[in-house]
Every structure is written in structure tokens, then in C-alpha cells.
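Enquirer: Mind having a look at this structure? Questions to follow.
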Amino acid sequence: MIDHCALSIADIVECMATSDNVIRAGLTPKLRDVPNLVAGLTYTAAHASKHFVPPRSFESSTHSTLYDPPIPEFSVLRAVVPAGEAETHPPIDGPSIAIVTGGNGTVVWGSRKQLGISEGDVFFVGAGKEIRIMAGRQNQLVIHRAFVEVK
Amino acid sequence: MAIALTPFQAMCGFLPLPRIADYLTITSEFAALVPQAIRERLIGLASSSDPTGSAEKQALKDVFSAVMTADAAVFQPELEKLVARYEAGNAKAPEKEVRELVVRLNSQFPGDIGVFCAFMLNYMTLKPGQAIFLAAGEPHAYVSGGESMPDNLMFTSLVPAHN
Numbered sequence: 001m002i003d004h005c006a007l008s009i010a011d012i013v014e015c016m017a018t019s020d021n022v023i024r025a026g027l028t029p030k031l032r033d034v035p036n037l038v039a040g041l042t043y044t045a046a047h048a049s050k051h052f053v054p055p056r057s058f059e060s061s062t063h064s065t066l067y068d069p070p071i072p073e074f075s076v077l078r079a080v081v082p083a084g085e086a087e088t089h090p091p092i093d094g095p096s097i098a099i100v101t102g103g104n105g106t107v108v109w110g111s112r113k114q115l116g117i118s119e120g121d122v123f124f125v126g127a128g129k130e131i132r133i134m135a136g137r138q139n140q141l142v143i144h145r146a147f148v149e150v151k
Numbered sequence: 001m002a003i004a005l006t007p008f009q010a011m012c013g014f015l016p017l018p019r020i021a022d023y024l025t026i027t028s029e030f031a032a033l034v035p036q037a038i039r040e041r042l043i044g045l046a047s048s049s050d051p052t053g054s055a056e057k058q059a060l061k062d063v064f065s066a067v068m069t070a071d072a073a074v075f076q077p078e079l080e081k082l083v084a085r086y087e088a089g090n091a092k093a094p095e096k097e098v099r100e101l102v103v104r105l106n107s108q109f110p111g112d113i114g115v116f117c118a119f120m121l122n123y124m125t126l127k128p129g130q131a132i133f134l135a136a137g138e139p140h141a142y143v144s145g146g147e148s149m150p151d152n153l154m155f156t157s158l159v160p161a162h163n
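So the sequences go chain by chain: Y and V.
For the first sequence, our numbering gives the first residue as 1, with consecutive numbering after it.
For the second sequence, our numbering gives the first residue as 1, with consecutive numbering after it.
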């Protein structure tokens, strides 16, 4: 299980396991550490296609896709909900952190709790909570939700 | 794992060995950074049926290490020659895939040894919604859309904290 995962946005949403270090060796104004980079790599040569994570459908959801990398630490759900529509995410057996990467709308949970959300907002979803994500009337809502399932 | 929100370019993971062997054979500016014995070992193993065997990995490590630790007095003139050749439009056929990348990397990080990583790492463009995953110990660089932000490109590797 992870206790933290980092999401950052530029042109990408990136999620990485918290136990990772980053070593830089070139193409950066930041500190470089060539000997440790050379020593720490696995030297696995492969076609670029080996690195792709094919998005899959997620349970019964209509507007969400699942990115499930070959590690237990995390997966990411990407929900693209068209304007005026809604999407339900069934309960997940672990905590999630979600970031709104486009549009605005509302996230609803429990009997009548709700939160207005818009681009740039980040929200936490507790383990075992079903949520409903509703897009605003004018625009689609895009959310990336990183989660870990406790096994 | 990185999921593209907009078209997004990245270098990630080592190229298949035959591709690196091709560059070591035809791109003299790149080959000049690697001692002949190390070059020949990788070229000899390039068509191996087990690219992840220990000899193959060692050969790749030796090439990568030689490049990354090359003396500036050696690689700077080679990089200048290489960029000048590509800017003049004199790329050989197998180099066409890396020509633009080399010129672009060098314009963002002039004279940086990391420019030569174009000959060792996969380069790919992700469409929005496409994702890549890098296991610990695999090198990568993000080459994002922006023109000249100094921080939009990093050549890095993730390693486990406790290994």
C-alpha cells in the first residue's frame, strides 16, 4: 500500500510511487549524479510500445477508463463526463485523490453531500465511498483519480 | 506513469539494441564517444535472441556509461559537428528519426551530453489519453510542447529508495 502519491500537471498527469527517488544526469539545470544513474539503471532494451499502458474499461462506468500499470502501488481512473451528464464510480477498496483537469461540475456522495468542483481542484475520496460525478451544463468535466486498492 | 492531457513527447526506456548498434555504426559523432571495444561488443550482441541477458545488459551499460562520462573536450566538438550536419540537412536515412530531436534538445540545452541520449532512448509522441509507465531503473526525459522553458525537459531515472 502507498501512503501518498504525487500528481502533477503540465501537459500530463503523472503519478508515481512515493518510495522512488529521482536521479538526474542530463538535460536539466538541476543537480546531476551520473555515477548513481549509471549504477541504478536496469538496462532493459525494448520497443517503445512496451512502455504504453493501454486504457481499459472500468467496471460498469460509461465515461471512465482505467490505467492500471504493472505495479501494485496505484492505478488511475480518467473520467471524461460530457456536459450535463453524470458518472457513478462504485466504491473502491482504498483511498483516492482526484484532480479536475478540465471543466467544472459537482461531486456527490452519501445521501446528499456534494461539492462544487472546477479545473485545478483536488479532492480526496475515502475508501469504500461511492461517488457520482456530474458535469456542468456548459462543458465536459475531466477528472483524473489516482487510487490504491488495499489487498 | 504519465497520462497525456495534450500531445506530449517523451524519451523513455532504452531503444532496442539493433537500433543503438545502427547508430554506433553510422553516426560517427556518437560513435566517437564510445571506445571501440565497447562499441564492437554491443554491435556483436545486437541481434541476440535474448536482449535482456546479462551480457547484453552489460554491453548496453558500458555504452551508456561511456557516453554519459565522456570528456567535454571529446563530446563538445562532436556535438557541434553533429548538429551542424543535421542543420545542413545531411542526415543519413536511419538518422531521420532523431535528427529533429537532436537539434531541438541542443537548442534547449546547448552542449549538453544528454543530447546524445537521442541515440539510446525511445522517443515517442503521446496523444491525449495515452499513457506510459516506467518501471524503477528506466531512464526517461519529458520533452514537452513548450518552446524554451528551461525546466520542461529532464533526463532522469526513478530508483527505489531502498535497493
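Note that CB positions come from ideal geometry on N, CA and C, so glycine has one too.
1. Are the beta-carbon atoms belonging to Ala118 of chain V and Leu101 of chain V less than 8 Å from one another?
2. Which residue comes first and which comes last in the beta strand (DSSP E) that contains Arg32 of chain Y?
3. Just to make sure I have the definition right: I need the residues of chain V whose C-beta is within less than 9 Å of the C-beta of Pro70 of chain Y. Which are they?
4. Taking the alpha carbon of Asn104 of chain Y as the point to measure from, which residue in Y:Ala127, Y:Val76 and Y:Arg137 has its own alpha carbon closest?
5. Given a threshold of 16 other Cβ atoms within 10 Å of its Cβ, counted over all protein chains shown, does Asp93 of chain Y qualify as buried or as exposed?
6. Can you list, in chain order, the residues of its chain whose CB lies under 8 Å from that of Asp151 of chain V, leaving out five sequence neighbours each side?
7. Flag Arg96 of chain V as yes if its beta-carbon sits less than 8 Å from any beta-carbon of chain Y, otherwise no.
8. Going straight from the alpha carbon of Asp71 of chain V to that of Thr52 of chain V, what length do you get?
9. Please list, in chain order, all residues of the same chain as Asp33 of chain Y whose beta carbon is under 6 Å from its beta carbon, the five residues on each side excluded.
10. So, is Leu115 of chain Y buried or exposed, given that buried needs 16 or more other C-beta atoms within 10 angstroms?
11. Taking the beta carbon of Thr62 of chain Y as the centre, do at least 16 other beta carbons fall within 10 Å, making it buried, or is it exposed?
12. What is the rounded straight-line gap between the Cα of Leu31 of chain Y and the Cα of Ala25 of chain Y?
13. Exposed or buried, which one is Phe124 of chain Y when buried takes at least 16 other CB atoms within 10 Å?
14. Name the residues in the region 98 to 123 of chain Y whose C-beta lies less than 9 Å from a C-beta of chain V; which are they?
15. Taking 8 Å as the threshold (beta carbon to beta carbon), is Glu166 of chain V in contact with chain Y?
16. At what residues does the beta strand (DSSP E) containing Tyr123 of chain V begin and finish?
17. Does DSSP put Phe133 of chain V in a helix, a strand or coil?
18. Can you give me, in chain order, the residues of the region 5 to 36 of chain V that have a beta carbon less than 7 Å from any beta carbon in chain Y?
19. Given a cut-off of 8 Å, decide if Ile133 of chain Y and Glu59 of chain Y are closer than it, judged by their beta-carbon atoms.
20. Use the C-beta contact count for Ile26 of chain V: other C-beta atoms within 10 angstroms, 16 or more gives buried, fewer gives exposed.
Expert: Working from what's here:
1. As a first step, residue 118 of chain V is located in the second sequence; it is residue number 118 there, counting from the start. As a first step, residue 101 of chain V is located in the second sequence; it is residue number 101 there, counting from the start. Yes. Within cutoff.
2. Along the first sequence, one-based indexing puts residue 32 of chain Y at 32. Counting along the chain, no beta strand (DSSP E) covers Arg32 of chain Y, and no H or E run does either.
3. Against the first sequence, residue 70 of chain Y aligns to sequence position 70. Within chain V, the residues near Pro70 of chain Y are Phe133 and Ala135.
4. Working through the first sequence from its first residue, we reach residue 104 of chain Y at position 104. When each option's Cα is compared against that of Asn104 of chain Y, the closest is Y:Arg137.
5. Within the first sequence, residue 93 of chain Y is the residue found at index 93, counting from 1. Counting every other CB atom within 10 Å of its CB across the protein chains shown gives Asp93 of chain Y a total below 16, marking it as exposed.
6. The residue labelled residue 151 of chain V in the question sits at position 151 within the second sequence. Any reading at Asp151 of chain V needs caution, since the residue's pLDDT is 40, under 50, leaving its predicted position unreliable; the model's value is listed next. Within the same chain, Asp151 of chain V has no close Cβ partners at all.
7. As a position in the second sequence, residue 96 of chain V is number 96, starting the count at 1. The sequence shown places Lys at residue 96 of chain V, not Arg. Interface with chain Y (8 Å Cβ-Cβ cutoff): Lys96 of chain V is excluded.
8. Here residue 71 of chain V corresponds to residue number 71 of the second sequence, with the count starting at 1. Here residue 52 of chain V corresponds to residue number 52 of the second sequence, with the count starting at 1. Straight-line measurement puts the Cα of Thr52 of chain V at about 29 Å from the Cα of Asp71 of chain V.
9. Your numbering for residue 33 of chain Y matches position 33 in the first sequence. These residues qualify, in order along the chain: Ile23.
10. By one-based count along the first sequence, residue 115 of chain Y stands at place 115. Counting C-beta atoms within 10 angstroms of its own C-beta, Leu115 of chain Y has fewer than 16 neighbours from the protein chains shown and is therefore classed as exposed.
11. Residue numbering aside, residue 62 of chain Y sits at position 62 when the first sequence is read from its first letter. Looking at its Cβ environment, which holds fewer than 16 other Cβ atoms inside 10 Å, Thr62 of chain Y is exposed.
12. For the purposes of this step, residue 31 of chain Y is taken as residue 31 along the first sequence, with counting starting at 1. For the purposes of this step, residue 25 of chain Y is taken as residue 25 along the first sequence, with counting starting at 1. Going from the Cα of Leu31 of chain Y to the Cα of Ala25 of chain Y covers about 8 Å.
13. As a first step, residue 124 of chain Y is located in the first sequence; it is residue number 124 there, counting from the start. A residue is called buried when at least 16 other Cβ atoms come within 10 angstroms of its Cβ; Phe124 of chain Y does not meet this threshold and is exposed.
14. Per Cβ criterion, the list reads Thr101 and Gly102.
15. This structure cannot speak to residue 166 of chain V, because chain V is shown only from 1 to 163.
16. Here residue 123 of chain V refers to the residue found at position 123 when the second sequence is read from its first residue. Leu121 to Leu126 is the extent of the beta strand (DSSP E) around Tyr123 of chain V.
17. Numbered from its first residue, the second sequence carries residue 133 of chain V at position 133. For Phe133 of chain V, the secondary structure class from DSSP, reduced to helix, strand or coil, is coil.
18. Cβ contacts with chain Y come from Leu5, Thr6, Phe8, Cys12, Gly13, Phe14, Leu15, Pro16 and Leu17.
19. Here residue 59 of chain Y refers to the residue found at position 59 of the first sequence. Here residue 133 of chain Y refers to the residue found at position 133 of the first sequence. No, they are not a contact pair.
20. Within the second sequence, residue 26 of chain V is the residue found at index 26, counting from 1. Classification for Ile26 of chain V: exposed.
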